[in-house]
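*Asks:*
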Amino acid sequence: MSFSGSALKQALAILIASALTHGYAQTGKSAHSKPPQPAKTVQPQKPAQKSAQKPAQKPAQKPVQKPVQTALPAFSENSTVAGFIAHMVANHKFDAKILAEQFAAINPNQRVLTLFRPKPPPDPSKPAVRSWKSYSSRFLNESRVESGLLFWQENAATLKRAFDQYGVPPEIIVAIIGVETLYGRNTGSFGAMEALASLAFHDPGRGDFFREELEHFLLLARENGFDPLKIQGSYAGAIGIPQFMPGSWRKYAVDFDGDKIIDLERSVADSIGSIANYLNKHGWQAGQAIAHKVTIRGNPKDAWLKAGMLPSLNVKELAEQGVQGAQDSPDIATFIELPTPKQPAEYWLGYQNYYAITRYNRSTFYSMSVFMLAERLKARSAAFVESAPTARLHSFNPD
Ligand SMILES: [Ca+2]
Numbered sequence: 077m078s079f080s081g082s083a084l085k086q087a088l089a090i091l092i093a094s095a096l097t098h099g100y101a102q103t104g105k106s107a108h109s110k111p112p113q114p115a116k117t118v119q120p121q122k123p124a125q126k127s128a129q130k131p132a133q134k135p136a137q138k139p140v141q142k143p144v145q146t147a148l149p150a151f152s153e154n155s156t157v158a159g160f161i162a163h164m165v166a167n168h169k170f171d172a173k174i175l176a177e178q179f180a181a182i183n184p185n186q187r188v189l190t191l192f193r194p195k196p197p198p199d200p201s202k203p204a205v206r207s208w209k210s211y212s213s214r215f216l217n218e219s220r221v222e223s224g225l226l227f228w229q230e231n232a233a234t235l236k237r238a239f240d241q242y243g244v245p246p247e248i249i250v251a252i253i254g255v256e257t258l259y260g261r262n263t264g265s266f267g268a269m270e271a272l273a274s275l276a277f278h279d280p281g282r283g284d285f286f287r288e289e290l291e292h293f294l295l296l297a298r299e300n301g302f303d304p305l306k307i308q309g310s311y312a313g314a315i316g317i318p319q320f321m322p323g324s325w326r327k328y329a330v331d332f333d334g335d336k337i338i339d340l341e342r343s344v345a346d347s348i349g350s351i352a353n354y355l356n357k358h359g360w361q362a363g364q365a366i367a368h369k370v371t372i373r374g375n376p377k378d379a380w381l382k383a384g385m386l387p388s389l390n391v392k393e394l395a396e397q398g399v400q401g402a403q404d405s406p407d408i409a410t411f412i413e414l415p416t417p418k419q420p421a422e423y424w425l426g427y428q429n430y431y432a433i434t435r436y437n438r439s440t441f442y443s444m445s446v447f448m449l450a451e452r453l454k455a456r457s458a459a460f461v462e463s464a465p466t467a468r469l470h471s472f473n474p475d
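In the numbering used here, the protein residues as written are 77 to 475.
#1: Between the Cα of M444 and those of D339, G260 and P415, spot the shortest distance and give me the residue it belongs to.
#2: Whole angstroms is fine: what's the gap from Y354's alpha carbon to V165's?
#3: Could you tell me which of E230, A233, Y242 and V250 sits nearest to F447, measuring between CA atoms?
#4: Roughly how many angstroms lie between the CA atoms of K377 and A383, to the nearest whole one?
#5: Are the CB atoms of I315 and P322 nearer to each other than 8 Å?
#6: Given a threshold of 16 other Cβ atoms within 10 Å of its Cβ, counted over all protein chains shown, does S324 qualify as buried or as exposed?
#7: Measure from the alpha carbon of F320 to the alpha carbon of each residue in L189, G264 and P149, then state which is nearest.
#8: Compute every distance between the C-beta of S347 and the non-hydrogen atoms of ligand 1, then say whether any falls below 7 Å.
#9: When DSSP builds the beta bridges, which residues end up paired with I315?
#10: Which two residues bound the contiguous beta strand (DSSP E) that contains E222?
#11: Figure out for me which residue from R373, L258, G309 and P280 has the closest Cα to the Cα of F215.
#12: Any heavy atom of ligand 1 inside 7 Å of the beta-carbon of I337?
#13: Bridge partners for N390 per DSSP, in chain order?
#14: With three or more beta-carbon pairs closer than 8 Å as the criterion, would you say the segment 268-278 touches the segment 146-160?
#15: From D331 to D284, what does the alpha carbon distance come to, in whole angstroms?
#16: Alpha carbon to alpha carbon, how far is Q121 from R261?
#17: Tell me where the alpha helix (DSSP H) around A251 begins and ends.
#18: When we look at the beta-carbon of V221 and count the other beta-carbons within 10 Å, is it buried (16 or more) or exposed?
#19: Please confirm if the segment 179-197 is in contact with the segment 151-171, defined as three or more CB-CB distances below 8 Å between the two stretches.
#20: Please find out if some non-hydrogen atom of ligand 1 comes closer than 7 Å to the beta-carbon of S350.
#21: Name the residue from Q397, L226 and Y431 whose alpha carbon lies nearest to the alpha carbon of A497.
#22: Pull up the CB-CB distance for F293 and A329, whole angstroms please, since I reckon it's below 8 Å.
#23: Between the Cα of A233 and those of T156, I348 and S223, spot the shortest distance and give me the residue it belongs to.
#24: Relative to the C-alpha of E422, which residue among A352, N167, V370 and D404 is closest?
#25: Given a cut-off of 8 Å on the beta-carbon distance, is the pair G426 and A362 in contact?
#26: Using the C-alpha atoms, what's the distance from I433 back to Q345?
#27: I need the straight-line Cα distance from Q364 to L453, nearest angstrom please.
#28: Which term fits K169, buried or exposed, when burial requires 16 or more other beta carbons within 10 angstroms of its beta carbon?
#29: Rounded to whole angstroms, what's the CA-CA distance from L449 to N429? Just pull it up for me.
#30: Looking only at its chain, what residues have a beta carbon closer than 7 Å to the beta carbon of E290, apart from the 5 residues adjacent to it on each side?
#31: Would you kindly work out how many angstroms separate the C-alpha atoms of P196 and Q186, rounded to a whole number?
#32: Is DSSP giving K195 helix, strand or coil here?
#33: If you draw a straight line from the alpha carbon of E256 to that of P318, how long is it in whole angstroms?
#34: For A162, does the count of other Cβ atoms within 10 angstroms reach 16, so buried, or fall short, so exposed?
#35: L381 and E341 look like a contact to me (Cβ under 8 Å); what is the Cβ gap, rounded to whole Å?
#36: Report back the beta-carbon spacing between P246 and W228 to the nearest angstrom; my notes put them in contact at under 8 Å.
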C-alpha cells in the first residue's frame, strides 16, 4: 500500500478528532486505563468451545486474568491505521470519518495477540513437544461423533447436493464444521474487526496478511450491509459456521439455499456449499483416497519429513524404502508424522485430498483430525442416517 502524505495526514486528523469526539469516556473503552473489556476478552465461553481451544484447563479453575496495562497505542493514535484508512478511501471510496469512528470504537486486544502468538516456553532449550494424542482427543471423541451424526442426519439432503455438485463427501464437510465450530455452536466471541485490526497493526509476523483480511472484512461488510462492529468471530477473525476468513468468504463462499444472500453466520446450507466449493477449488479429487496409515522400518527419513505438505514423494519408491501400507493409493504422497511424547509416533501418507484439507487450515494435526473424525462419522453413518437419502452417496462418478 502506498499513500499520499496529505491523505495520510487527513486520515490521522480525522482519527484523532473522532477519538476526541466519540472518545473513550463515552464508549466506556480505554486501552490504557481500563482492564480488558469482559465482553470481548475474558467472557466465559461455552464449555464446548473452551474444550476446543484449551482442553486441559477447566474454566472454573482458571484464575481470573488481572487487568494488564497495555503499552499498545489506541488505533486512533496509530499512524499505520491512518494510512490504512487513507488506503480504503483512495482504493474503495470508503468514508474516512465513518471508518475513523469505527476504529475509535475498538481497541488493540492483547488477548487476541496472546492467543495468536503464545509466549515461548520459559526454557527455550526445551521446546514444547506437540502431542497428537492430546490435540486429537478434543475432536476424536464420542460426543463430537454423535453430534456430527445428528448434524449429518438433519442436513443429509444439502450434503448430498454438495457432494453431487462439488464431489466432496458429506463426512468431510460434517467433520470440518465439527472441528471448526462444534457444528455451528461456537462461532467465536471476539469482535471480528477488533481481532483483525489487533493482528493487522500489532502482530509482528503476519501484519500484512491481516491488513489484507481487514480490507476484505470491511469490503465484505459493505457488500452485505453488515455493521462491521457487530460481527463476531474467532480471535484470528474467522467468521461463521465454517470459520471462513473474510478473504475466503469473498472468494469461495456460495449461496447454497437459494435466497440470493451468502450468509455463513446463520445459513447451514450456505456453509455446507461454501466448504465444498472451497475444497473443490483447492483441488479435491472426487473418489480419491485422502490418507493411509503406514508402518516404517526404523526412523523416518529427513527427506520425507522435509518434503512439505504438497504431495511430492513417489509412493512406489517409499515402499521400496520400507514404507508399508499404502496399497491402491495415488502415486504421489506427502509423509505425515503424528508425534505424541513418550509414545510411538503414527505415520501416514497423505494425498491430494489431504492437501486440499490443509488449505483450509495449514496444520497437519488439524487436517488429520478432520480426516479421522470424518472416517468415524462415515463408519457410523450407514446405521444412523439410514432413512435419509444418502444411500448412494459413495457412488459419485466424476464423469
Ligand atoms: Ca443463502
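Built from N, CA and C at the ideal position, the CB exists for glycine as well. None of these values were measured; they are calculated from a predicted model.
*Replies:* Reading it off the structure:
#1: P415
#2: 30 Å
#3: V250
#4: 10 Å
#5: yes
#6: buried
#7: G264
#8: no
#9: F320
#10: Not the beta strand (DSSP E): E222 falls in the alpha helix (DSSP H), residues E218 to E230.
#11: L258
#12: yes
#13: I408
#14: yes
#15: 29 Å
#16: The pLDDT assigned to Q121 is 35, lower than 50, so where the model puts this residue is not dependable; a value taken from the coordinates is nonetheless given after this. Spanning the two alpha carbons is a distance of roughly 11 Å.
#17: P246 to T257
#18: buried
#19: yes
#20: no
#21: Only positions 77 to 475 of the chain appear in the structure, and residue 497 is not among them; the question remains open.
#22: No, F293 and A329 are not in contact; Cβ-Cβ is about 13 Å, not under 8 Å.
#23: I348
#24: V370
#25: no
#26: The amino acid occupying residue 345 in the given sequence is Ala; Gln does not appear at that position. Computed Cα separation, rounded: 20 Å.
#27: 18 Å
#28: exposed
#29: 15 Å
#30: The question names Glu, but residue 290 in the sequence shown is Leu. Hits under 7 Å: L272, A273 and A276.
#31: 16 Å
#32: coil
#33: 6 Å
#34: buried
#35: Going by Cβ atoms, the distance from L381 to E341 rounds to 39 Å, so no, they are not a contact pair.
#36: 6 Å
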